[in-house]
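Reading through the structure tokens given below for one structure.
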């Protein structure tokens, strides 16, 4: 793919993202304001009712529904903001010379990713299984913000395929060898067709399905910028596993 094509889509993505962020900021500010004053209004209503004033009856379940609606709206705004950030990051050409590297903890990146992921339901959130090996933390030289976006991409894809297959879990674990640190993300959803394994990291591949087709391309570009790599193995109908390899900290 020509660089100018990616640059063109990056400009579009950034322009759309700017407009969406402005609207989302306004929505979130409005929700926060309402949530701040709703308790006072409820207290005033209850005080008026207790003194026998003629106020319309508001049932407790309706008040609870109101608060839940605000929480849902706030979460929806957060989810949309996360997807916008992923969109812009995916469309951005990775330039190693412009990256700011710092020492990062893979465990901290994972925890932040799981915290930030825009789950659509509690059931989705419970699909992610952190094995005991996740406690085997390792450090690497990289960009925490971009790694989190990479992990968000992988989780988003995994949850999509689990939903499509109506089965599966996600397991995440780490491993350290004499030459590299490894992070594994495996889902037991529908897996990948063997004919597609060598194509999934191509830009815009799979754009006709559930995304714009740039997520895995971005993952590959970023891991190469960190002097690492990302590979995929799969058994169609059984599992799909992504392996991220990071150079040992001393060699970064």
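Residue numbers (this note's numbering): 1293 to 1544. Glycine included, C-beta positions come from ideal geometry on N, C-alpha and C.
Contacts around residue i, its chain only, beta-carbon distance under 7 Å, and the 5 residues preceding and following it disregarded
i: residue 1520; result: 1536, 1537, 1538, 1539
i: residue 1485; result: 1528
i: residue 1482; result: 1453, 1456, 1457, 1529
i: residue 1401; result: 1436, 1439, 1440, 1443
i: residue 1337; result: 1347, 1350
Cβ of residue i within 9 Å of any chain B Cβ
i: residue 1478; result: Here chain B cannot be found, since the structure has a single protein chain.
Exposure label - residue i; buried when at least 16 CB within 10 Å
i: residue 1325; result: exposed
i: residue 1364; result: exposed
i: residue 1449; result: buried
i: residue 1315; result: exposed
i: residue 1459; result: exposed
i: residue 1478; result: buried
i: residue 1541; result: exposed
i: residue 1509; result: buried
From the options, residue whose alpha carbon lies closest to that of residue i
i: residue 1445; options: 1348, 1512, 1350; result: 1512
i: residue 1439; options: 1533, 1514, 1359, 1328; result: 1514
i: residue 1350; options: 1463, 1396, 1334; result: 1334
i: residue 1404; options: 1330, 1359, 1447; result: 1447
i: residue 1317; options: 1406, 1462, 1372; result: 1372
Cα-Cα separation, residue i to residue j
i: residue 1356; j: residue 1369; result: 20 Å
i: residue 1392; j: residue 1420; result: 30 Å
i: residue 1553; j: residue 1361; result: Residue 1553 is absent from the structure shown; the chain starts at 1293 and stops at 1544.
i: residue 1524; j: residue 1534; result: 5 Å
i: residue 1409; j: residue 1394; result: 23 Å
i: residue 1480; j: residue 1366; result: 31 Å
i: residue 1330; j: residue 1418; result: 31 Å
i: residue 1358; j: residue 1406; result: 27 Å
Beta-carbon contacts of residue i that lie in its chain and below 8 Å, excluding the five residues immediately before and after
i: residue 1353; result: none
i: residue 1474; result: 1466, 1467, 1468, 1535, 1536, 1537, 1538
i: residue 1526; result: 1483, 1484, 1486, 1489, 1532, 1533
Sequence-distant residues of its chain with Cβ nearer than 6 Å to residue i (five each side left out)
i: residue 1399; result: 1429
i: residue 1396; result: 1432, 1434, 1436
Review point. Looking at C-beta atoms only, is the number of pairs between the segment 1449-1456 and the segment 1429-1440 that lie closer than 8 Å three or more?
Key: Per the Cβ contact rule, the segment 1449-1456 is not in contact with the segment 1429-1440 (fewer than 3 Cβ pairs under 8 Å).
Exercise for review: Say whether the segment 1459-1473 touches the segment 1486-1500, bearing in mind that this needs 3 or more beta-carbon pairs closer than 8 Å, one atom from each stretch.
Suggested key: Verdict: no, contact absent.
Practice item. State whether the segment 1432-1445 contacts the segment 1509-1525, with contact taken as three or more CB pairs (one from each stretch) at a distance under 8 Å. Key: By the Cβ rule, the segment 1432-1445 counts as touching the segment 1509-1525, because three or more pairs are nearer than 8 Å.
Point to revise | At least 3 beta-carbon pairs within less than 8 Å: the segment 1321-1328 vs the segment 1340-1347 | key: Judged by Cβ distances under 8 Å, the segment 1321-1328 makes no contact with the segment 1340-1347, as fewer than three pairs qualify.
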